[in-house]
Amino acid sequence: MSRRKEYMEGFRNGIPIALGYYFVSFTFGIVGSKNGLSWWETVLISMTNLTSAGQFAGVLIIAAQGSYLEMAISQFVINLRYSLMGISLSQNTDENFGTGSRAVLGFGITDEIFGVAANRKEPVSRIFFLGLMTLPYFGWTLGTLMGAVLGDIMNEALSDAMGLAIYGMFIAIVVPKAKEERHTLLIVLLAVAISCLFYFVPLFSSLSGGYAAVICAVAASLAGAFFFPVKAAEEQEAAA
Amino acid sequence: MKQVFIVYLLIMALVTYALRAVPFMAFRRKVRNRFFRSFLYYIPYTVLAAMTFPAVLFATKSLLPAALGTATALVLAYRGKGMVLVSLSACAVALAAGFLF
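As you go down the protein sequences, you meet chains A and B in turn.
Residue 601 is where the first sequence starts when you use the working numbering, and the numbers rise one by one after that.
Residue 508 is where the second sequence starts when you use the working numbering, and the numbers rise one by one after that.
Next up, the structure:
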């Protein structure tokens, strides 16, 4: 495939992510301005972080004038999942995806960009990945700007409902895979069950959401690797 | 001492970036161990599922709009609809339900 074609293929795959991001980051923009940040501060956070849960938590810490250590720990815990995704993605990159490109493009590892790249059958090239992250980055930035500027005049019921946008994207990635493979379905259900346990059992519910997600994912994936180890052929197919 | 925005920003950005880029750069070879490979295979789906449930049910003020929105997303995703349609339909149903109930 020519480089241009490969870039455009990634670019096209990024369109739905960018649209979803627009709505999610719109909500973030509102939250930022409601917590006393100026519009450019809120936009700057989005441009340098490109993550949802971590940014929402970060803004609340800034608003509460929390300590720098608290900020660092919260970001670490909430975003630790990206490390797992980075390792997972490193297994499906092509041979030209070198250290330098990883240092730059690694910035673009988000839940959804990773989700799409991990679902890809062919090895992920840096050109494809760059194309894939292009529009979502602009969608995330623009949505934040619009939310920060227009948020005040927006109806609360509407901004509430838009909070579902990000989960809808997650569901759109997971469900087709779970439908296709019974073992993935079972492991996903296990992850959900553990997650509910964390949420509803008082002893565990003090754990922050990001930390809980990492524990759930690791526990369920370990169970998956133990009970349903995937065959190499299946991986190729899935990676494809 | 008053905390400064720019320091907060740097901490957020650097911690998040390091978590993404360092493991991605460090793992250069294919993992041969089948157990670890299988573990990594399940990671995308388990992370996203654990982040979605049960949190999605509390995304709106009362349970019902969020629950209906979630159900909509599950059905559309099961039918193989695209990410945007699934996501925005969930929002639209939750919004409508919020007004109706």
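No residue lacks a Cβ here, since even glycine has one placed at the ideal position from N, Cα and C.
Please read all numbers here as calculations on a predicted model, not as lab measurements.
query, result
"Please name the residue, chosen from A:Ser-821, A:Asn-719, A:Phe-714, that lies closest to A:Glu-780 on a Cα-to-Cα basis.", "A:Asn-719"
"Quick check on B:Leu-570 - is its C-beta less than 9 Å from some C-beta in chain A?", "no"
"Considering only their Cβ atoms, is the gap separating A:Leu-735 from A:Ile-617 smaller than 9 Å?", "yes"
"Under the DSSP definition of a beta bridge, which residues are partnered with A:Val-724?", "A:Thr-693"
"I'd like to know whether the C-beta atoms of B:Thr-577 and A:Tyr-799 end up nearer to each other than 9 Å.", "no"
"With DSSP collapsed to three states, give me the class of A:Ala-664.", "coil"
"If you reduce the DSSP assignment to three classes, tell me which class A:Ile-709 lands in.", "coil"
"Along the segment 652-665 of chain A, where does the CB come closer than 8 Å to a CB of chain B? Name the residues.", "Ala-653, Gly-654, Gln-655, Gly-658, Ile-661, Ile-662, Gln-665"
"Can you pull the chain B residues whose beta carbon is under 8 Å from the beta carbon of A:Tyr-799, in chain order?", "Pro-561, Ala-562"
"Residues in the segment 531-544 of chain B with C-beta within 9 Å of chain D's C-beta atoms, listed in sequence order?", "Absent from the structure is chain D; the protein chains it does hold are A and B."
"Quick check: what's the CA-CA separation for B:Val-511 versus A:Ser-667?", "10 Å"
"Quick check: the Cα distance between A:Ile-662 and B:Ala-525, rounded to an integer number of angstroms?", "21 Å"
"On a Cα-Cα basis, can you pick out the residue from A:Val-830, A:Pro-829, A:Ser-821, A:Phe-827 that is closest to B:Ile-550?", "A:Ser-821"
"Would you identify the three-state DSSP class for A:Glu-781, choosing helix, strand or coil?", "coil"
"If the cut is a Cβ gap below 7 Å, which residues of chain A does B:Leu-602 touch?", "Ala-757, Leu-758, Ala-761"
"Inspect the beta-carbon positions of A:Ser-688 and B:Leu-555 and report whether they are closer than 9 Å.", "no"
"According to DSSP, is B:Phe-560 part of a helix, a strand, or is it coil?", "coil"
"Can you give the Cα-Cα distance for A:Leu-764 and B:Ala-601, rounded to whole angstroms?", "8 Å"
"Give the DSSP-derived three-state secondary structure of B:Gln-510 in the structure shown.", "coil"
"Do we get a CB-CB distance below 9 Å when we pair A:Asn-635 with the residues of chain B?", "no"
"Measure from the C-beta of B:Phe-512 to each C-beta in chain A and report whether the shortest distance is under 9 Å.", "yes"
"Along the chain, where does the alpha helix (DSSP H) that runs through A:Gly-633 open and close?", "Correcting the residue type first, residue 633 of chain A is Ser in the shown sequence and not Gly. Note, A:Ser-633: alpha helix (DSSP H), 603-634."
"Just tell me which of A:Gly-629, A:Gly-614, A:Thr-648 has its CA closest to the CA of B:Ile-513.", "A:Thr-648"
"Do the CB positions of B:Leu-583 and A:Ala-772 come within less than 9 Å of each other?", "yes"
"Could you tell me how far apart the beta carbons of A:Gly-751 and A:Ser-633 are, in whole angstroms, since I believe they sit closer than 8 Å?", "5 Å"
"Taking the alpha helix (DSSP H) that B:Gly-605 falls in, what are its first and last residues?", "590-607"
"Report the residue from A:Glu-609, A:Ile-615, A:Val-631, A:Gly-614 whose alpha carbon sits nearest the alpha carbon of A:Leu-745.", "A:Val-631"
"Could you spell out where the alpha helix (DSSP H) holding B:Leu-570 opens and where it closes?", "570-585"
"For B:Phe-606, would you say it is in contact with chain A, using Cβ-to-Cβ distances shorter than 9 Å as the test?", "yes"
"Please go through the same chain and pick out, in chain order, the residues whose beta-carbon is closer than 6 Å to the beta-carbon of A:Val-603, but skip the five residues on each side of it.", "Checking the displayed sequence, the identity of residue 603 of chain A turns out to be Arg instead of Val. Once the five neighbours on either side are set aside, the close Cβ partners of A:Arg-603 are Ile-727."
"Of the choices A:Gly-715, A:Met-733, A:Pro-776, A:Ile-815, whose alpha-carbon is the least far from that of A:Leu-790?", "A:Ile-815"
"Helix, strand or coil for A:Ala-839? Go by DSSP, reduced to three states.", "Confidence is the limiting factor: at A:Ala-839 the pLDDT is only 47, short of 50, which leaves the residue's position unreliable and the question unanswerable from this model."
"Near B:Pro-572, what residues of its chain come up, given a Cβ to Cβ distance below 6 Å and the 5 sequence neighbours on each side ignored?", "Ala-601, Ala-604, Gly-605"
"Over what stretch of residues does the alpha helix (DSSP H) that includes A:Leu-644 continue unbroken?", "639-649"
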